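When the letters of the sequence shown are read in order and numbered with the working numbering, they come out as residues 1 to 321.
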Amino acid sequence: MTRLPPDAPSASDTQTAQIERASSQPVQTSAAAGGVDRALAAIPGAERLAIGLARVPLRSPTLPPATTTNHYLVGASAAVLVDPATPHRQSQSRLRDVAVAWIAEVAPLQAIFLTHHHNDHIAAATPMARDLGLPILAHQATAQLLAGRVTIDRIVTDGEPVAWDSDGPWTAMHTPGHAPGHLVLRGPDGGMIAGDMVAGHGTILIDPKDGDMGAYLESLARMRTAAPPWLAPAHGPVLRQADETLQRYIAHRLAREARIYSALGDIAVAEDALLPVAYGDVARRFWPLALRSMRAHLLYLQVQRRAQELRPRRWRRLSDA
């Protein structure tokens, strides 16, 4: 990963003027005196990835096999806190320590940035915004899905800069599929804070309740075209072989799609009956999640006119011709 230089532009720089500043002063804790590295050392698995980038894994209400969500401090000149997700008070206190130390030593913290609306990415957004005096940024679709739960102060659009290093901006990239308002952050060196587009362990669930398999595949392809040198996911370690990872994710989804299509016949079959054939390689304890993922695949097959839902949750194959 690129090591970012420590020098920063002045607060009057027109770049940082594009980022919404907090309206109140940050809280003060003892972490400021101890430094960023000391605050990170108190958190198992936390690491300083570059001068302007830190990964802070904390317990969250996520899906297996993950048990934590990575919270990121991003920006050596003007920074954001990405996906404050932990609902646990002790973990929130440790995250505040890191944030306050970041403000004291690295860069002003401008906002909280949400990659998407799922609870394992937003559970601490409101208390952290309150305690640190920060606005919350997200995509319009995320703001709509969080209405009444989390107040989004500013809408972020595709290509918009939200944080800065001395050598350039961190820009938002709209990557729908896992969620309609999903955003990744692309750094000056092309590396990406990837949210739930990929994971350090396992795969990503596309739930048809708010996900879209076709859009997810298109977003993975768009990310691959951008050729990131690394991917920092919301769950698990940083992935250094970015192109290989994205290619593997696309291939995995297409292979699963082919397996599901092959399991269909001319007579309508129930989703429950399809599952053991299409996901026989998956441990039974994960079948409830697999059932949701399979339905997302089936709906995408229907969009492609390769499958048809004749009655609720009963499907037949259509010709590939």
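All C-beta atoms in this analysis are idealised placements derived from N, C-alpha and C, irrespective of residue type, glycine included.
None of these values were measured; they are calculated from a predicted model.
Taking 8 Å as the cut-off, the beta carbon of Leu137 is found closer than this to the beta carbon of Ala111.
Selection Ala141, Gly195, Gly214, Asp153 evaluated against Asp120 yields Gly195 as nearest (Cα-Cα). One alpha carbon belongs to Gln144, the other to Asn70, and they sit about 24 Å apart. For Tyr279, the secondary structure class from DSSP, reduced to helix, strand or coil, is coil. Scanning the region 70-150 from its first residue to its last, the whole beta strand (DSSP E) runs of 3-plus residues come out as 79-82, 109-113, 136-138.
Closest in C-alpha terms to Gln308, from the list Phe286, Glu271, Val98, comes Glu271. For Ser93 against Arg59, the beta-carbon gap comes to about 13 Å, at or over 8 Å, which does not count as contact. Inclusion of Leu114 and Leu132 in the CB contact set at 8 Å is not warranted, their separation being larger than that value.
Taking one beta carbon from each stretch, the region 198-210 and the region 293-313 have 3 or more pairs nearer than 8 Å; the two touch. Rounded to whole angstroms, the separation of the alpha carbons of Asp281 and Arg253 is 14 Å. Approximately 19 Å separates the beta-carbon atoms of Ile152 and Tyr72; this is outside 8 Å, ruling out the contact. Distance from the CA of Ala226 to the CA of Gly190, rounded to the nearest whole angstrom, comes to 8 Å. In terms of CA proximity to Asp210, Arg292 leads the group Ser262, Ala232, His174, Arg292.
Listed in chain order, the alpha helix (DSSP H) elements of length 4 or more contained wholly in the region 202-232 are 213-225.
In the assembly as shown, Leu275 is a buried residue. Its beta-carbon has 16 or more other beta-carbons within 10 Å.
A Cβ-Cβ separation of about 4 Å places His116 in contact with His182 under the 8 Å criterion. Going by C-alpha positions, Ala263 is about 9 Å away from Arg316. Taking the Cα positions, Asp212 is about 17 Å away from Leu246. The residue among Pro57, Leu95, Ala66, Asp320 with its C-alpha nearest the C-alpha of Pro44 is Pro57.
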